[in-house]
Amino acid sequence: MLQEQYEKHNLEMQPYLHYLAEYQKMKPEDIGRHLEIPYDEREGLFRLRFMGKNYTVSHPELEIHCLEEPDGQAVLCRDIHAKILVLRYFTEGDHMQATGSLLSYRDLPWGEVYYRQFYGRCIMRLARMFGNRLADFRNIMEGLNGIPRQYGDAAYEFEFLEGLRLCFVLWEGDEEFPPSAQILFSDNFPVAYAAEDAAYIGDVVLDYMKISSHEGGKSL
């Protein structure tokens, strides 16, 4: 058991430390200009939007603080996978304005290759978690400042990170058919993240939704 915990921790820490080192080598002014993220040179802080909340992120230390809720409750402060995704964006991502079009996972470069993994890990997980609990889904999406969309039985579009948007879609299950789901991406995602990163993005959002559901007195 201890060995399993060590291996899991090590698997998370290795990419975190790698991208942290890359981030620390970069000039923050270059990151800010390249990604069009505000950087305060006097305080040494980026100002970043992540899943509906505003954060400060220091350079080079990567100290992260949420401006709207206690750090212990804030996703980007407590979730190492979220931190890795932000570091990936800072060090390897590109900025592009979205046009408003949405892409399926298969539309992403290399998405067809990884689709089966993404389908089981994220799309089916979303369907299992909320396919018969649309009211809970709506409440959580509204907490993320989600915008209702006319897809399925319930759908919301929301910002993941700085103009990168996701749309979660649900079809409610019935006596004949199980619940189903879809996850769509704004068309600027391919310049920001590789297709394999999208599974981790799904994990971060779905983990947040699970915790939010527990905090609301529900059990998943």
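Under my numbering, think of the first position of the sequence shown as 692, with each following residue one higher. We put the beta carbon where it would ideally sit given N, CA and C, even for glycine.
Q: Spell out the partners DSSP gives residue 756 in its beta bridges.
A: For this step, residue 756 is matched to residue 65 along the sequence shown. Bridge partners of residue 756: 747.
Q) When DSSP labels each residue in this structure, what does residue 881 get in the three-state scheme? A) Counting from one through the sequence shown, the residue named residue 881 turns up at place 190. If DSSP states are grouped into helix, strand and coil, residue 881 belongs with the helices.
Q: Classify residue 868 as helix, strand or coil using the three-state DSSP reduction.
A: Your numbering for residue 868 matches position 177 in the sequence shown. Here residue 868 sits in coil by DSSP.
**Q.** Exposure label - residue 828; buried when at least 16 CB within 10 Å
**A.** To locate residue 828, count along the sequence shown from 1; it is residue 137. Buried.
Q.
Using DSSP's beta-bridge definition, name the partner residues of residue 850.
A. One-based indexing of the sequence shown puts residue 850 at position 159. According to DSSP, which records beta bridges pairwise, residue 850 is partnered with 856.
Q. What is the DSSP secondary structure of residue 888, counted as helix, strand or coil?
A. Position 197 of the sequence shown, counted from the start, is the residue given in the question as residue 888. Reduced to three states, the DSSP call for residue 888 is helix.
(Q) Beta-carbon within less than 8 Å of residue 729's beta-carbon, same chain only, minus the 5 sequence neighbours each way: which residues are those? (A) In the sequence shown, counting from the first residue as 1, residue 729 sits at position 38. Only 723, 737, 738 meet the Cβ criterion.
Q.
List, from N- to C-terminal side, the beta strand (DSSP E) runs of 3 residues or more that fit wholly inside the region 781–860.
A. 793–795, 845–852
Q: Below 6 Å CB to CB, which residues in the same chain sit around residue 713 once its five sequence neighbours on both sides are set aside?
A: Stepping through the sequence shown from its first residue, residue 713 is reached at position 22. These residues qualify, in order along the chain: 782.
Q. How about residue 787 and residue 831: do their beta carbons lie closer than 8 Å?
A. Within the sequence shown, the letter at position 96 stands for residue 787. Within the sequence shown, the letter at position 140 stands for residue 831. In this structure, residue 831 does not lie closer than 8 Å to residue 787 by Cβ.
Q. Should residue 795 go down as buried or exposed, given a rule of 16 or more other Cβ atoms within 10 Å for buried?
A. Stepping through the sequence shown from its first residue, residue 795 is reached at position 104. Label assigned to residue 795: exposed.
Q. Based on the DSSP output, what are the partners of residue 738 in its beta bridges?
A. Residue numbering aside, residue 738 sits at position 47 when the sequence shown is read from its first letter. In DSSP, residue 738 forms a bridge with 747.
**Q.** Check whether residue 895 and residue 818 have beta carbons under 8 Å apart
**A.** Sequence index remark: in the sequence shown, residue 895 carries index 204 (1-based). Sequence index remark: in the sequence shown, residue 818 carries index 127 (1-based). Not in contact: residue 895 and residue 818 (Cβ atoms no closer than 8 Å).
Q. Quick one: is residue 704 buried, meaning 16 or more other Cβ sit within 10 Å of its Cβ, or exposed?
A. Taking the sequence shown and counting its residues from 1, the one referred to as residue 704 is at position 13. Answer is exposed; the Cβ neighbour count stays below 16.
(Q) Spatial neighbours of residue 816 within its chain, please: C-beta separation below 7 Å, excluding the five flanking residues on both sides. (A) Taking the first residue of the sequence shown as position 1, residue 816 is located at position 125. Within the same chain, residue 816 has close Cβ partners 897.
Q) Hey, residue 776 and residue 891 are a contact pair by Cβ (cut 8 Å); roughly how many whole angstroms apart? A) As a working mapping, residue 776 is identified with position 85 in the sequence shown. As a working mapping, residue 891 is identified with position 200 in the sequence shown. The Cβ separation is near 6 Å, so the contact holds.
**Q.** Alpha-carbon spacing of residue 757 relative to residue 763, whole angstroms
**A.** For this step, residue 757 is matched to residue 66 along the sequence shown. For this step, residue 763 is matched to residue 72 along the sequence shown. Straight-line Cα distance between these residues: approximately 9 Å.
Q) Should residue 826 be labelled buried (16 or more other beta-carbon atoms within 10 Å of its own) or exposed? A) For the purposes of this step, residue 826 is identified with residue 135 of the sequence shown, where counting begins at 1. Under this definition residue 826 is an exposed residue.
Q) Which residues in the same chain as residue 834 place their Cβ atom closer than 8 Å to its Cβ, once the five residues preceding and following it in sequence are excluded? A) Within the sequence shown, the letter at position 143 stands for residue 834. So the list reads 743, 903, once near-sequence residues are dropped.
Q | Reduced DSSP secondary structure (H/G/I, E/B, other) of residue 770 | A | Start at 1 with the first residue of the sequence shown, and residue 770 comes out as number 79. Of the three classes helix, strand and coil, the one that applies to residue 770 here is coil, per DSSP.
Q. By the 10 Å Cβ neighbour count, where 16 or more other Cβ atoms means buried, how is residue 839 classified, buried or exposed?
A. Indexing the sequence shown from 1 puts residue 839 at position 148. It is exposed - the Cβ of residue 839 has fewer than 16 other Cβ atoms within 10 Å.
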